[in-house]
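S.K.: The structure's right below; bear with me while I get my questions together.
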Amino acid sequence: MRQLTVVLGTGRCGSTLLSTVLNRHPRVLSLSEFFTSLDPDAFPVEEIDGGRFWAILSTPRSKAMTQLRHGVAPAEYLYPFGSGRFTAETGVPPVSLVTLPHLSDRPDEVLDEIEAAVTGWERASVAVQYARLFDWLCDRFDRDVVVERSGASLRFVPGLRACFPDACYLYLDRDGSAASASMSRHPSFRLEVRVLEMMDLLGVDPYLSPSAGHADRLPPELRCLLPDRFDGTALMSQPIPLPVFGMIWSHLVADGVRELDAVPTDRIRYLRYEDVLADPVHRFRELATMLGVDAPDGWLAEAVTLVRPGSGTGRSSEPPEAQRRALREACEPGTRAVRALRERLARTPSGSS
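If you read the sequence shown in the working numbering, its first letter stands for residue 609, the second for the next number, and so on.
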């Protein structure tokens, strides 16, 4: 298998920009939103054959399709609706939402090629199946190294460690308050908050275990977000306190950093989104070095044009001071965890940028 680097972050931390930049590099296979699109089936414990692996890659996921059908899909979805063969009604294979259109302007054709390749693969662990797929994709697109980047990928560290014991990790950091504020405006994070509230009352995720009886056990503000009666306008308009997103950010960071304690520091790198905005040429050169590829002048010049200076500040819609203070307090556990990670990496000179 080619060298795999996984970008770790909380979501809303600039990782989509990183995928876009890396996708322009002639030697990097940039897998955007790959593992998150396969959630919650990305890391089965048992061995699987090619048919089961294909089902993991191609079976539409309920939350994503519900958002699509009701007009509140994330802007990150790249599938060419209108010209592609899939619709929100038919269901879109998870790898076709972002990963394949990120790589090709003919994602349906690539999907068919993947199906033809993987369905005949022999039974093996999912780690072996992923290694086969990543090598196949590198051959298909003539790339040398693999970089996977998913939103909120810190939650996948246990599965990633089990599947890819030799993988490298790039921790992409962003100020917790800024990332949390961005989460509060994003449909997928807003739905995640509401689903967590439903799970507290139901004991199950209603998108994974639907039941007609769920509605009777939920208050109106949650009932209208069940998959069979979803109201996209309600999802985006219902007030959710900003500190809730700060707590989500903190939990993602603290849990992910704790899992990284088992990873040798020479396989972890650190990059801060705000530093990318401040000096993209320097940081992208460093990024290429981290990945073991060169940094062609043409690639650097194009990469810099993708950066929007000031996009990390969030100044245009700052909440009142009391809310900012509550948000900072909610983010503090995560901020401490990141500080501890940086201190750990600083003791290994190659670990921090």
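In this text, a Cβ means the ideal position worked out from N, Cα and C, and glycines have one as well.
(1) Per DSSP, what kind of secondary structure is residue 832 in: helix, strand or coil?
(2) What would DSSP say about residue 781, mapped onto helix, strand or coil?
(3) Per DSSP, what kind of secondary structure is residue 656 in: helix, strand or coil?
(4) Which parts of the stretch 658-693 are runs of the alpha helix (DSSP H), unbroken and 4 residues or longer, counting only runs that do not cross its ends?
(5) Can you name, in chain order, every residue of its own chain whose Cβ lies under 6 Å from the Cβ of residue 649, other than the five neighbours on each side?
(6) To which residues does DSSP link residue 640 through a beta bridge?
(7) Which of helix, strand or coil does DSSP assign to residue 616?
(8) Look at residue 939 and residue 785 and say whether their C-beta atoms are less than 8 Å apart.
(9) Only counting the same chain, and skipping five residues up and downstream in sequence, which positions put a Cβ closer than 6 Å to that of residue 922?
(10) Since residue 762 is in the alpha helix (DSSP H), which residue starts that stretch and which ends it?
(11) Which one of 711, 844, 870, 744 has the shortest CA to CA distance from residue 770?
(12) Among 843, 952, 739, 781, which has the Cα closest to the Cα of residue 882?
(13) Looking at the secondary structure, which residues open and close the alpha helix (DSSP H) in which residue 802 lies?
(14) Output the boundary residues of the beta strand (DSSP E) element that contains residue 876.
(15) With a cut-off of 8 Å, do at least 3 Cβ pairs link the stretch 790-797 to the stretch 681-690?
(16) Just to check my reading of the structure: residue 738 and residue 868 have Cβ atoms closer than 8 Å, yes? What is that Cβ distance to the nearest angstrom?
(17) Measure how close the beta-carbons of residue 646 and residue 702 come, nearest whole angstrom, since I'm counting them as under 8 Å.
(18) For residue 804, count neighbouring Cβ atoms within 10 angstroms of its own Cβ and tell me buried if that reaches 16, exposed if not.
(19) Closest to residue 842 by C-alpha separation, out of 619, 609, 612, 675, would be which residue?
(20) Where residue 815 and residue 764 are concerned, what is the direct C-alpha to C-alpha distance, given to the nearest angstrom?
(21) Is it buried or exposed for residue 802, if we count other Cβ within 10 angstroms and need 16 for buried?
(22) Can you look up residue 621 in the DSSP assignment and give me helix, strand or coil?
(23) Mind checking which residues open and close the alpha helix (DSSP H) that includes residue 710?
(24) Taking Cβ positions, are residue 612 and residue 772 nearer each other than 8 Å?
(25) Here's the rule: buried if 16 or more other CB atoms are within 10 angstroms of the residue's CB, otherwise exposed. What is residue 947?
(26) With respect to the alpha helix (DSSP H) encompassing residue 737, which residues constitute its N-terminal and C-terminal limits?
(27) Starting from residue 813, trace the alpha helix (DSSP H) in both directions and tell me its first and last residue.
M.R.: Straight from the coordinates:
(1) coil
(2) strand
(3) strand
(4) 658-666, 670-677
(5) 664
(6) 757
(7) strand
(8) yes
(9) Its pLDDT being 48, under 50, residue 922 is placed unreliably in this model, and the value from its coordinates should be taken loosely. Excluding positions up to five away in sequence, the list reads 786, 789.
(10) Run containing residue 762: none; DSSP gives neither H nor E here.
(11) 870
(12) 781
(13) 795-810
(14) 876-880
(15) yes
(16) That belief does not hold up - the Cβ atoms of residue 738 and residue 868 are roughly 20 Å apart, past 8 Å.
(17) 6 Å
(18) exposed
(19) 675
(20) 20 Å
(21) buried
(22) coil
(23) 707-711
(24) yes
(25) exposed
(26) 734-749
(27) Looking at the DSSP string, residue 813 is not in any alpha helix (DSSP H), and its letter there is neither H nor E.
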